[in-house]
Amino acid sequence: MRIGLLLVAAALLPGQIPRTAEGKPDLSGVYDIATLTPLLRPDHLGDRLELSDQEAAALAKMEAARMAKTSQASNPNRTAPPKGGDGSEGAAGNVGGYNTVWTDRGTGAFKINGKWRTSIITDPKNGRMPPLTPEARKRAAARVALARPNTGDAWWVKEGLNPGPYDDPELRPLGERCLLGFGSTGGPPMLPVLYNNLKQIVQTPNRIMILNEMVHDVRIIRMNEEHEPPEIRRWLGDSVGRWEGDTLVVDTTNFTDQPALTSATRYLHVVERFTRIDARTLLYQFTVEDPTVWTRPWSGEMIMPATEDRIYEYACHEGNYSFEGILRGARLLEAEAAAKAK
Amino acid sequence: MSKLSKSILALAAALVVCLTLTRKVEAHHAFGAEFDPNRPVLLKGPVVRVEWINPHTWIHLEVTKEDGGKQVWMVEGGTPNSLLRRGLKRDTIKPGQVIIVDGYQAKDRSRRANGRDVTLTDGRKFFMGSSGTGAPYDKPENKDK
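Residue numbers (the numbering used here), protein chains in the order written: chain X, 1 to 342; chain C, 1001 to 1145.
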């Protein structure tokens, strides 16, 4: 792979990009989109799109220091963590996750046109998603209202929730079921997550495939074809592509009720633009619209740098002991709650 | 510290916070759904085997109970991909290597726990210290990343 890339690079004159036999830009390769540039810009930066070299260096240094700190030795005489939970939030749910050495959220910000970026979102100008519609706000509030801290008991039984969140495997999140990666890693839009950020592009004249490392979600982009009829729905949507000059434009619709992108619905429509800017780098741009969720479309951009790393085998279903444990654990807690209520 | 460098650090910190906020809610599955905060565990014993399965590694270790009986526990870790990229291989971890794990037991009361902190007996992080090459970032291509 490395020798191949070097040969391609060596054969190109400055400003030239690799092309297929048909003369189209050759987008094929393996890319790593991990980055310290966040999707959303911190509020107080306002409309500021760029970071100085010093700021970008400070950011990379801070992350390196965080990794070094969390990699330090622990007390070998430590005891078990506190009973009642360790207070961790989010997916770590009061029990913590695992050592930081497993994660890979990138080692630096990314640059476009020679300038470091403060956020992936570029439109609206403040680098934030536009306001939600009133309906979407209601749905988001309902989701928040259903969230409970992990106290290790069957709160849904005590509260008389029917159905309870663990009553049916199909009520569980798609990530937990190994159907899609978490976050919007498979996309579209394809966004960086905590680990497994590699993408492999395989290109033929009439089909372009994108393999996502996480859960091995695969997108097959049909070139110069129409969308499937609206009754056909796919986890990653239905993608059709066309060339606009040297840019691959991919239009995706026909999502299910649960697209990978948080808050989005079956009305999601994503347009992505892939442009090869040099032998090792693609520019990735996207515009998202879902009039049932956001009051206006929003857009972002980032780079996809080539990597020599390989994409390894995935066996999400085969190794998904977690899912059976979650469901079995819920049954046990429910039985305990029922016994207590007697 | 000069005023300039203070503001640079503040900005870098704000970006890290933003990144963390965006990403902390996400995971392949919620550990909070799987593990019981009322059942903390400290496990110590030799590794029996490691299942290198994406997206979650499972480390099996043998624990000796107070009455001398043996129990095999399974500990959930992260994606092997990150370790492979940092120069660790599946045969880096040898059966018999004694490790210490702290975490919480699964809600289904099976002998499973999350590997909240997995270390060697001297406290060094298991996957850092046992590679024989030092830190994960020893891999040459990771040095200037």
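The C-beta atom is built at its ideal place from N, Cα and C for all residues, glycine as well.
Between the Cα of Pro-291 of chain X and the Cα atoms of X:Val-270, X:Ile-277 and X:Arg-276, which residue gives the shortest distance?
X:Val-270
Indicate whether at least one CB of chain C lies closer than 8 Å to the CB of Lys-115 of chain X.
no
Proximal chain C residues relative to Glu-213 of chain X, where beta-carbon distance stays under 8 Å:
Asn-1081
Tell me the residue span of the alpha helix (DSSP H) that contains Leu-332 of chain X.
321–341
Excluding the 5 residues flanking Pro-1080 of chain C on each side, which residues of the same chain have their C-beta closer than 8 Å to its C-beta?
The beta carbon of Pro-1080 of chain C is closer than 8 Å to those of Trp-1052, Ile-1053, Asn-1054, Thr-1057 and Arg-1090 in its chain, skipping five residues each way along the sequence.
When the Cβ atoms of the stretch 318–333 of chain X are set against those of the stretch 1106–1125 of chain C, are three or more pairs found closer than 8 Å?
yes
Would you kindly check if the distance between the Cβ of Thr-253 of chain X and the Cβ of Asp-238 of chain X is under 8 Å?
yes
Run through DSSP, which three-state label would Ala-306 of chain X get?
strand
Can you tell me which of X:Glu-50, X:Ser-71 and X:Leu-179 puts its alpha carbon nearest to the alpha carbon of Ile-121 of chain X?
Answer by Cα proximity: X:Glu-50.
Let's test the definition: count the other Cβ atoms within 10 Å of the Cβ of Pro-188 of chain X and tell me whether it reaches 16, buried, or not, exposed.
buried
Where does Ala-1113 of chain C fall in DSSP's three states?
strand
CB contact check: Glu-1034 of chain C to chain X, cutoff 8 Å
yes
Could you work out which residue in C:Gly-1045, C:Leu-1019 and C:Ile-1093 is closest to Gln-1071 of chain C when comparing CA atoms only?
Nearest C-alpha to Gln-1071 of chain C: C:Gly-1045.
List the DSSP bridge partners of Lys-111 of chain X.
Residue pairing by DSSP places Lys-111 of chain X opposite X:Trp-116 in a beta bridge.
For Gly-245 of chain X and Arg-66 of chain X, I'd like the C-alpha separation in whole angstroms.
43 Å
CB-CB length for Thr-35 of chain X against Gly-106 of chain X, believed under 8 Å:
4 Å
Please confirm if Leu-333 of chain X has its CB atom under 8 Å from at least one CB of chain C.
Leu-333 of chain X counts as touching chain C.
Using a cut-off of 7 Å between C-beta atoms, extract the partners of Lys-83 of chain X located in chain C.
Asn-1038 and Pro-1040
Just to make sure I have the definition right: I need the residues of chain X whose C-beta is within less than 9 Å of the C-beta of Val-1072 of chain C. Which are they?
The premise fails here: Val-1072 of chain C is roughly 14 Å from chain X at the closest Cβ pair, so nothing lies under 9 Å.
Which residues in chain X sit within 8 Å of Arg-1085 of chain C, going by Cβ to Cβ distance?
Asp-104 and Asp-309
On the DSSP letters alone, give me the boundaries of the beta strand (DSSP E) that Phe-1031 of chain C sits inside.
Taken as a continuous stretch (DSSP letters only), Phe-1031 of chain C belongs to no beta strand (DSSP E), being part of the alpha helix (DSSP H) at 1031–1034.
How would you list, in chain order, the residues of chain C whose beta-carbon sits under 8 Å from the beta-carbon of Gly-300 of chain X?
In chain order: nothing, as chain C lies at least about 12 Å away.
Counting only Cβ-Cβ distances shorter than 9 Å, please list the residues of the stretch 1054–1069 of chain C near chain X, keeping chain order.
Result list: Asn-1054, Pro-1055, His-1056, Thr-1057 and Trp-1058.
Is the stretch 101–118 of chain X in contact with the stretch 155–166 of chain X, if contact means three or more CB pairs nearer than 8 Å?
no
Ordered along the chain, which non-local residues of its own chain (more than five positions away) have a Cβ less than 7 Å from that of Asp-278 of chain X?
The residues are Ile-17.
Answer with buried or exposed for Gly-160 of chain X, where buried requires no fewer than 16 other C-beta atoms within 10 angstroms of its C-beta.
exposed
Assigned exposure category for Leu-1019 of chain C - 16 Cβ within 10 Å defines buried
Counting every other CB atom within 10 Å of its CB across the protein chains shown gives Leu-1019 of chain C a total of 16 or more, marking it as buried.
Against chain X, which members of the stretch 1082–1111 of chain C pass a CB distance test of less than 8 Å?
Ser-1082, Leu-1083, Leu-1084, Arg-1085, Arg-1086, Ile-1100, Asp-1102, Gly-1103, Tyr-1104, Ala-1106, Lys-1107, Asp-1108, Arg-1109 and Ser-1110
Would you kindly work out how many angstroms separate the C-alpha atoms of Ile-311 of chain X and Leu-1088 of chain C, rounded to a whole number?
15 Å
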